[in-house]
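As given, the protein sequences belong to chains A and B, one line each in that order. Be aware that the first sequence starts at 1, since it is given in the numbering used here, and climbs by one per residue. Be aware that the second sequence starts at 1001, since it is given in the numbering used here, and climbs by one per residue.
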Amino acid sequence: MIEMIKVNKYFAAFHVLKDIDLLVSRGEKVVVCGPSGSGKSTLIRLVNRLEEHQSGKVVVDGIELTDDVKKTDMVRREVGMVFQSFNLFPHLTVLQNLTLAPIWVKRVSRKEAEDTAMHFLARVRIPEQAHKYPSQLSGGQQQRVAIARALCMKPKLMLFDEPTSALDPEMIKEVLDVMVELAREGMTMMVVTHEMGFARTVADRVIFMDEGRIVEAAPPADFFSAPKTDRAKLFLSQVLGH
Amino acid sequence: MRWARENLFRSWPETIATLLVLWLLWKTIPPFIDWAFLDAVWRPDSKACRASEGACWGFVAEKHRFILFGTYPYELHWRPALATVILIGLWVFSAFRAFWKSWLVAVWAVGLAVIGILMWGGVFGLRYVENERWGGLILTLLLTTFGIAAAFPLGILLALGRRSDMPVIRALSVGYIELIRGVPLISLLFMASVMLPLFLPSGVTIDKLLRAQIAIILFAAAYLAEVIRGGLQAIPKGQYDASHALALPFWRRTYLIILPQALRIAVPALVNNFIALFKDTSLVLIIGLFDLLSTVKISLNEPAWTGFGVEAYLIASLIYFVFCAAMSTYSKSFEVRR
């Protein structure tokens, strides 16, 4: 599903990602963790080309990401993304947020788009909020709307960039529950998160990053019980310590 | 009494300020009422006016048709009058959100066509009136209407161009905006009226009114572009991320996500510019077009009425004020509500 070979990424002179090799197969759930500044957000944003890489190869669903805008758009139609700060469209209602891309990008009818939207709103358990504006919802509700918005495009792959980091503690669970459910249904997922409980429950593989490199990649059971590097041990002690 | 003590005389400086304001009001309001009403001359009689201490409303009464309609043929004044009413009607009609449907464009098209027929004539047995003779309020309103209608989209394009990734488009936009902003409107009007005809091939003429209109549009667009750019810059990067992630192509993203938010942020500054544009149209005076303010000025040239400028300008200011106040009051309903 995702194939990265020798990928390098720079922000001006700063070398953010160094020789990244990564394979994610269909149906796999990968959790990416690591200290801040380790390049995990940049890594996930390469997958739908919100960031451009300078060397190496990124192939998503058989399409290589290059300067070709058409190919980028093809990939973006198949890849849903959820952001740390929700990024809902504040001037549109929840329902309009959900139907906008299906109507304007996938060209489905308004009726069909609204049916799909209501279906996914029910799935994230907030169908009654359809006609409210994002600012009228709690953070947890907004993030669930954001998940539903991505799902309305019927993606093959879902990217989550720290989806719970901007939430109050009591709202984290309602978002994670939705994500766990999604994982159980077989969605391919790449998740940047510090929620190690989530990683333990759903991840097939945990990827630990530090200073722009993938330092460790292992099933959660192995990673949590026996991290190989000192850097990972230190990180785990800090994350799990409280 | 209690209210007065709490709000007007709470401390010594406040008491002094209150008394000062009261004294100023006492010094200005009664004399103004004396001048404007009690001592005023209401008959159009310039001798009586000169003899009196008060305002000479007779002058306004005598000249109001020239002030409102300029040099438009006197017996045909009903045509610009009706056109003015229709144009204001169109604006008021468009102010209701319930009417923001696609047929509103058709309503405007029909309305403007009727205005055109009324003003020019030449059909349906109406006498033809060349637009050199149009003047007064309708000229101000038409210049403003078409000025806003054309400068606004042009300004949006320039603002988008200035933020474009494409170097040529960006350079052109920046060049245009900086060039136009660096020049006073008056010189643009002069250029449009004097220099533009020199560049046109012989035989091609664009009339004076159109040239002035184009100058106003080009001028306003540069200013609007910068205001809109300010709104664009205020939009969080996450909005772009989300629209990219949803694969929205450029124009859809711009039209559906970015502009609705950017323009709402820019409302106060936009209205500021619209009001400025409305008042700037009075500069067409210098190239010999008679807008509302010019007609006031010209009506004062008549020997019998020289010296009664205050009354006439007061009325003109009042008309300008009513329109500007309407614009700014209405715009409040668009400002970002959070």
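C-beta: ideal position from N, C-alpha, C; glycine also.
Residue i versus residue j - alpha carbon distance
| i | j | result |
| --- | --- | --- |
| S41(A) | K1237(B) | 15 Å |
| G1230(B) | G1155(B) | 12 Å |
| L1283(B) | A1098(B) | 36 Å |
| T99(A) | I1186(B) | 49 Å |
| A1245(B) | M1195(B) | 50 Å |
| L1082(B) | V1107(B) | 16 Å |
| L1248(B) | L157(A) | 18 Å |
| V202(A) | S1333(B) | 48 Å |
| V178(A) | V1174(B) | 48 Å |
| P140(A) | I147(A) | It is Gly, not Pro, that sits at residue 140(A) in the sequence shown. For G140(A) and I147(A), the distance between alpha carbons rounds to 11 Å. |
| F1219(B) | A1269(B) | 16 Å |
| R1264(B) | S1317(B) | 29 Å |
| T1329(B) | A183(A) | 52 Å |
| V1227(B) | F1274(B) | 11 Å |
| I1169(B) | L1293(B) | 39 Å |
| S85(A) | S165(A) | 8 Å |
| V47(A) | V60(A) | 7 Å |
| D161(A) | M189(A) | 11 Å |
| T93(A) | F1093(B) | 27 Å |
| D1241(B) | D67(A) | 17 Å |
Neighbouring residues, chain A, relative to residue i (Cβ below 9 Å)
| i | result |
| --- | --- |
| P1260(B) | F89, H91 and L92 |
| L1256(B) | F89, L92, L100 and W104 |
Cross-chain neighbours of residue i in chain A, by beta carbon under 7 Å
| i | result |
| --- | --- |
| R1252(B) | W104 |
| D1241(B) | L50, F83 and N87 |
| G1238(B) | F83, S85 and N87 |
Spatial neighbours of residue i in its chain, beta-carbon cut-off 6 Å, leaving aside the 5 residues before and after
| i | result |
| --- | --- |
| L176(A) | F198 |
| E174(A) | G140 |
| E51(A) | T42 and R45 |
| W1035(B) | G1054 and A1055 |
Contacting residues, own chain, Cβ-Cβ under 8 Å from residue i (five flanking each side not counted)
| i | result |
| --- | --- |
| M209(A) | V32, C33, G34, S38, G39, K40, L43 and V215 |
| L1286(B) | At residue 1286(B) the sequence reads Ile, which differs from the Leu that was named. Hits under 8 Å: I1186, L1189 and F1190. |
| A1212(B) | L1143, L1189, A1192, S1193, V1284, I1287 and L1289 |
| V1110(B) | none |
| E1335(B) | R1264, V1267 and P1268 |
| I1319(B) | L1137 and L1292 |
Integer Cβ distance of residue i from residue j, believed to fall under 8 Å
| i | j | result |
| --- | --- | --- |
| I1148(B) | L1277(B) | 6 Å |
| F250(A) | R200(A) | Residue coverage of chain A in this structure runs from 1 to 242, which leaves residue 250(A) outside it and unanswerable. |
| Y1128(B) | G1135(B) | In fact, because the Cβ distance is near 16 Å, the residues do not count as touching under 8 Å. |
| Q1239(B) | I1258(B) | 7 Å |
| P219(A) | D204(A) | 7 Å |
| T1281(B) | G1070(B) | Their Cβ separation, rounded to whole angstroms, is 13 Å, which puts T1281(B) and G1070(B) out of contact at 8 Å. |
Chain-ordered chain B contacts of residue i [CB-CB under 7 Å]
| i | result |
| --- | --- |
| D61(A) | Ordered by position in chain B, no residue passes the 7 Å Cβ test against D61(A), which lies about 13 Å from the chain. |
| M153(A) | L1246 |
Residue burial classification, residue i (beta-carbon count within 10 angstroms, cutoff 16)
| i | result |
| --- | --- |
| R1338(B) | Its pLDDT being 46, under 50, R1338(B) is placed unreliably by the model, and the measurement read from it follows with that caveat. Result: exposed. |
| S1299(B) | buried |
| S109(A) | exposed |
| A1325(B) | exposed |
| F1032(B) | exposed |
| I1315(B) | buried |
| E1026(B) | For the sequence presented, residue 1026(B) should be read as Trp rather than Glu. Label assigned to W1026(B): exposed. |
| R144(A) | buried |
| Y1255(B) | exposed |
| H131(A) | exposed |
| K6(A) | exposed |
| P1073(B) | exposed |
| S1102(B) | exposed |
| T1028(B) | exposed |
| T1015(B) | exposed |
| L1118(B) | buried |
| N1007(B) | exposed |
Contact set between residue i and chain B, taken where Cβ atoms lie within less than 8 Å
| i | result |
| --- | --- |
| D73(A) | A1247 and P1249 |
| A101(A) | L1246, A1247 and L1248 |
Close Cβ partners of residue i (< 7 Å) along its chain, the five nearest in sequence each way excluded
| i | result |
| --- | --- |
| L293(A) | For chain A, the structure presents residues 1 to 242; residue 293(A) sits outside this window and is missing. |
| S25(A) | M1 |
| A1221(B) | A1151, L1154, G1155 and L1158 |
| N1301(B) | none |
| M171(A) | S138, G139 and G140 |
| T1306(B) | L1300 |
| L22(A) | I2, M4 and I214 |
| T1084(B) | L1137, I1138 and L1141 |
| A1304(B) | S1046 |
| E114(A) | L95 and T99 |
Under 9 Å by beta carbon: chain B residues contacting residue i
| i | result |
| --- | --- |
| R110(A) | Neighbours of R110(A) on chain B: none; closest Cβ ~14 Å, over 9 Å. |
| R77(A) | L1246 and A1247 |
Contact with chain C by residue i, beta-carbon distance below 8 Å
| i | result |
| --- | --- |
| A148(A) | No chain C is part of this structure, whose protein chains are labelled A and B. |
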